[in-house]
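Numbering (my numbering), first residue to last: 427 to 595.
Think of the CB as a built atom: it goes at the ideal place given N, C-alpha and C, for glycine as much as any other residue.
It should be emphasised that the depicted structure is a prediction, and the values quoted were computed from it without experimental measurement.
Heads up: the structure comes next, in structure tokens.
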């Protein structure tokens, strides 16, 4: 004869299942709330970043405008000097004044001339336009400068265009 299960065990199993279900529902609710909180935090961070991006773009644009204004004002001063030199009875003195002002402006901006005539060719600073064969020279020496080269601080602004010596065989 089969043995009967003691009464109450089925009830205990159902109670345990209901208890576990309730516990899982509470955990699910808690996890759902955590996800919602993290999503809210993410959206706020994203909005902050987008606002930061817009603010940086505005600041960059303002800086560009300020730099443009600075150089345009310098250019206006030089234009006026050029007009005065043109109207002057002795334009050479006016042009001299204009060149002095241009040199001061370049110096103020940290722009320096690359001295290259008679020096060895350096591909980082010079652009060789042509070579001239000579019997009495050091190979790779710069003979002539066609277009001046300039540095801004330590960085190359424009390479010098030069003619380089090549020793005749």
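- With fewer than three CB-CB distances shorter than 8 Å, the segment 514 to 527 does not count as touching the segment 535 to 554.
- The criterion of a C-beta distance shorter than 8 Å is not satisfied by residue 543 and residue 565.
- In the DSSP assignment, residue 445 falls within the alpha helix (DSSP H) that extends over 435 to 513.
- Apart from the 5 residues on each side of it in sequence, residue 567 sits with its Cβ closer than 8 Å to the Cβ of 544, 545, 546, 547, 590, 591 in its chain, given in chain order.
- By the neighbour-count criterion, in which a residue is buried when 16 or more other Cβ atoms sit within 10 angstroms of its Cβ, residue 588 is buried.
- Residue pairing by DSSP puts residue 553 in a beta bridge opposite 587.
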